[in-house]
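Counting from 7, one number per residue, gives the positions in the sequence shown under our numbering.
Ideal Cβ positions, reconstructed from N, Cα and C, are used throughout, including at glycine.
Note that the structure is predicted; figures quoted are calculated from it, not measured.
Down below is the structure, laid out as structure tokens.
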Amino acid sequence: MKRSFLVYMADGSTQTHSAEKRVTKIGRAPDNDIVLVDPERSVSRWHALLALDDNGSVYVEDLKSSNGTLLNGQPVKGSVLMTPNDTVQVGRFRVSLLEEIEEDERFSIQAGTVALDELQDKPGLLPLPGRGLAAAGEFKNFELLYEVGVTLARSNSVEEVTKAAIGLLFKIDQVHRATVMLWDDKRGAFGNPDLHARNVGRTSALSGSYDPAHLVMSRTILARVRHENRPLLIRDAGSESMLNSAVSIVRAGIQAAFCSPLTFQGRFLGILYADNLAEPDAFSEADFRTFTSIAAQTGLALANAIAGQELMEREVERQALKRYLPPQVANLIMASGGASELNGVLQPVTVLYADIRGFTPMSERMDAREIVAMLREFFSVMSAAILECNGTLDKFIGDCIMALFGAPIQSEQAAREGLNAAIRMQQRMQTLNRSREQRGACPVFIGIGLHCGPAVVGNIGSADRVQYTAIGDTVNVAARLVSKAAPSQIIVSGDIRAAIPDFAGFQPLGEVELKGRERKMDIYSAAWPELPIQ
7 MKRSFLVYMA DGSTQTHSAE KRVTKIGRAP DNDIVLVDPE RSVSRWHALL
57 ALDDNGSVYV EDLKSSNGTL LNGQPVKGSV LMTPNDTVQV GRFRVSLLEE
107 IEEDERFSIQ AGTVALDELQ DKPGLLPLPG RGLAAAGEFK NFELLYEVGV
157 TLARSNSVEE VTKAAIGLLF KIDQVHRATV MLWDDKRGAF GNPDLHARNV
207 GRTSALSGSY DPAHLVMSRT ILARVRHENR PLLIRDAGSE SMLNSAVSIV
257 RAGIQAAFCS PLTFQGRFLG ILYADNLAEP DAFSEADFRT FTSIAAQTGL
307 ALANAIAGQE LMEREVERQA LKRYLPPQVA NLIMASGGAS ELNGVLQPVT
357 VLYADIRGFT PMSERMDARE IVAMLREFFS VMSAAILECN GTLDKFIGDC
407 IMALFGAPIQ SEQAAREGLN AAIRMQQRMQ TLNRSREQRG ACPVFIGIGL
457 HCGPAVVGNI GSADRVQYTA IGDTVNVAAR LVSKAAPSQI IVSGDIRAAI
507 PDFAGFQPLG EVELKGRERK MDIYSAAWPE LPIQ
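Now the structure itself:
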């Protein structure tokens with residue numbers, strides 16, 4: 007048995023490395039055994055190692071990497087056993103342990119003559135039916151090949167592709183059971199497949215004798231299915247003399263089976279499987295060619311369906327981001343891999359807090375529904391002003407709103423944009439109050455605090471819930487400043503004033519003590535009735 011590490015690169019290609027070394031190191035640094043070139047720095051210089059013990063077992067260990075190491079979707083802590091076909095996640099890369107069958111251990115397994123990617127590029131590679139009596143059955147399969155292309159081309163969703171593929175497999179006369187096992191890239195594992203039996207649909211009666219996960223994950227099959235990207239025809243699977251090591255096949259009583267990877271342009275999408283429980287020679291060469299075509303076209307259709315689904319998910323995420331970020335920032339985040347890629351980093355930011363003055367006594371005089379309506383109106387108007395100035399909505403805290411400028415994308419204009427937003431917010435509160443007074447509602451006045459400086463920004467929280475926010479003394483100072491602001495007042499720190507030297511509307515208020523700080527701070531009010539600054 008020959009073992010190797012199959013590395014799935016970020017661009018969809020694969021590399022194979024020997025698994026015979028005592029220690030195999032993985033990381034960005036050139037002195038690693040498996041070097042992962044990663045401009046996005048999701049991989050540490052020395053990220054993880056794969057160690058071989060005296061018994062030949064392989065263990066994976068994280069080398070205190072920045073982003074951690076996952077084994078089958080679970081964080082690696084200490085030294086963890088890695089079994090064949092397990093998947094190690096290292097940043098944007100995956101590493102699987104494969105066991106390949108040596109020549110003297112070869113079972114009755116026949117590989118397809120054409121690789122699936124070649125067939126997807128050139129469907130005509132499959133031979134056409136010949137002449138003679140045997141040709142009648144082959145013409146039936148040839149007609150089925152035409153139906154394969156038409157049926158799968160009409161399937162738009164993953165569910166439709168899966169259902170269509172199962173239906174096409176059952177048009178091969180001797181197929182008794184079939185399944186499609188979809189691969190989950192995020193978990194690094196297969197999903198839970200439905201096993202279908204001819205004329206029965208999904209069945210629980212067969213599940214006791216058949217575990218497709220064990221079948222395709224067996225050492226005798228997976229090493230060839232995934233590594234060679236070719237379908238397999240397994241004959242006489244019930245003969246212990248031929249498949250004495252494929253325990254899952256023998257236990258299931260399978261006599262003949264088809265098994266194929268579902269791939270497209272180097273991306274592994276899942277497994278297509280069909281079997282016969284009665285006859286070792288149930289499937290002909292023509293059946294095998296038909297199955298090969300179904301597998302190739304299913305991989306192509308599945309890739310299109312998954313791409314469409316991912317685009318829809320990204321659009322939903324983009325629209326959600328646009329509710330809190332300016333459109334150009336939301337688009338940039340999506341282009342760089344999504345909001346989930348925003349790890350906490352230290353960078354200069356401008357923090358704005360806006361708080362309704364006298365909210366508690368106001369709420370005592372109002373019905374709860376009136377309070378909710380007032381806050382919804384207030385937050386909508388304020389959010390629009392913030393987003394117009396390239397701000398990021400951080401959170402709503404009761405009657406208070408927090409916003410960031412210069413995050414997630416750093417900007418030399420962050421302080422200027424923050425002050426511009428504060429001025430617009432106060433001006434629009436005037437307009438909003440005129441509207442409220444016409445409706446007989448009480449006016450609403452806000453105080454605003456603004457400060458700039460370094461802070462840690464990014465997705466911060468627990469393992470179960472994270473939020474994009476900022477943490478640090480800069481945030482605390484801005485929160486203290488808003489408490490000093492009177493109704494309709496904008497209070498800024500000396501750092502804001504220094505960052506915008508050309509603004510003539512700053513008026514010194516002297517030094518003040520801020521809770522939690524030893525030194526006093528110079529603060530200023532910003533005149534806002536004038537037009538926003540440029």
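Query, Result
"Within its chain, find whatever has a CB closer than 6 Å to the CB of T30; leave out the 5 residues flanking it on each side and keep chain order.", "D39, L56"
"Measure the alpha-carbon distance for L249 versus S114 and round it to whole angstroms.", "With a pLDDT of 42 at L249, under the threshold of 50, the modelled position of this residue cannot be trusted; read the value that follows with caution. So the alpha carbons of these two residues sit roughly 7 Å apart."
"Could you check what DSSP says for S19 in three-state terms: helix, strand or coil?", "coil"
"From E26, G364, F99, V186, pick the residue whose C-alpha is nearest to that of G305; which is it?", "V186"
"For the stretch 458-466 against the stretch 352-372, do three or more pairs of beta-carbon atoms, one drawn from each stretch, fall closer than 8 Å, so that the two count as touching?", "yes"
"Would you kindly work out how many angstroms separate the C-alpha atoms of H457 and A485, rounded to a whole number?", "9 Å"
"Is V378 buried or exposed, if buried means 16 or more other CB atoms sit within 10 Å of its CB?", "exposed"
"From which residue to which residue does the alpha helix (DSSP H) around N282 run?", "Element bounds for N282: not the alpha helix (DSSP H) but the beta strand (DSSP E), 273-282."
"Rounded to whole angstroms, what is the Cα-Cα separation between E418 and A170?", "55 Å"
"Given this structure, state the Cα-to-Cα distance separating A25 from A391, to the nearest angstrom.", "58 Å"
"Let me know if V43 comes out buried or exposed under the rule of 16 or more other beta-carbons within 10 Å of its beta-carbon.", "exposed"
"Using the beta-carbon count (16 or more within 10 Å), is N91 buried or exposed?", "buried"
"Quick one: give me the first and last residue of the beta strand (DSSP E) that S85 is part of.", "85-88"
"Between which two residues does the beta strand (DSSP E) containing I496 stretch?", "496-499"
"Going along the chain, which residues of its own chain have a beta-carbon closer than 6 Å to the beta-carbon of D405, five neighbours each way excluded?", "I362, F365"
"Exposed or buried, what is C395 when buried is set at 16 or more other beta-carbons lying within 10 Å of its beta-carbon?", "buried"
"Any contact of the stretch 56-69 with the stretch 82-98, i.e. 3+ C-beta pairs under 8 Å?", "yes"
"Using alpha carbons as the reference points, say which of A532, G500, S50, A505 lies closest to K526.", "G500"
"Where do the ends of the alpha helix (DSSP H) carrying Q513 lie?", "No alpha helix (DSSP H) holds Q513; the beta strand (DSSP E) holding it covers 512-518."
"Say whether the stretch 310-320 touches the stretch 279-287, bearing in mind that this needs 3 or more beta-carbon pairs closer than 8 Å, one atom from each stretch.", "no"
"Could you have a look at D123 and say whether DSSP puts it in helix, strand or coil?", "helix"
"Between which two residues does the beta strand (DSSP E) containing F402 stretch?", "397-403"
"State the CB to CB distance for the pair A409 and G453, rounded to an integer number of angstroms; the pair is presumed to be in contact (CB under 8 Å).", "At roughly 15 Å, the Cβ-Cβ gap does not stay under 8 Å, so A409 and G453 are not in contact."
"Can you tell me whether V167 is buried or exposed? The criterion is at least 16 other CB atoms within 10 Å of its CB, across all chains shown.", "buried"
"Since I believe I407 is in contact with A360 (beta carbons under 8 Å), could you give me their beta-carbon distance rounded to a whole number of angstroms?", "5 Å"
"When the Cα atoms are used, what is the spatial distance from P199 to D191?", "15 Å"
"In whole angstroms, what separates the C-alpha of W52 from that of T93?", "19 Å"
"Within 10 angstroms of the Cβ of S71, are there 16 or more other Cβ atoms? Answer buried if so, exposed if not.", "buried"
"I believe L283 touches I260 by the beta-carbon criterion, under 8 Å. Please report the beta-carbon distance rounded to the nearest angstrom.", "6 Å"
"Under DSSP, the alpha helix (DSSP H) around A485 begins and ends at which residues?", "479-490"
"Please work out which residues of its chain come closer than 6 Å, Cβ to Cβ, to E517, disregarding the five sequence neighbours upstream and downstream, and give them in chain order.", "K526, D528"
"Tell me the rounded alpha-carbon separation between V481 and N465.", "16 Å"
"Is the beta carbon of R100 sitting closer than 7 Å to the one on A16?", "no"
"Rounding to the nearest angstrom, what Cα-Cα distance links G6 and L103 in this structure?", "Nothing in the structure corresponds to residue 6, since the chain is present only between 7 and 540."
"Quick check: what's the CA-CA separation for F264 versus Q303?", "15 Å"
"Would the beta-carbon of A121 fall within 7 Å of that of N235?", "yes"
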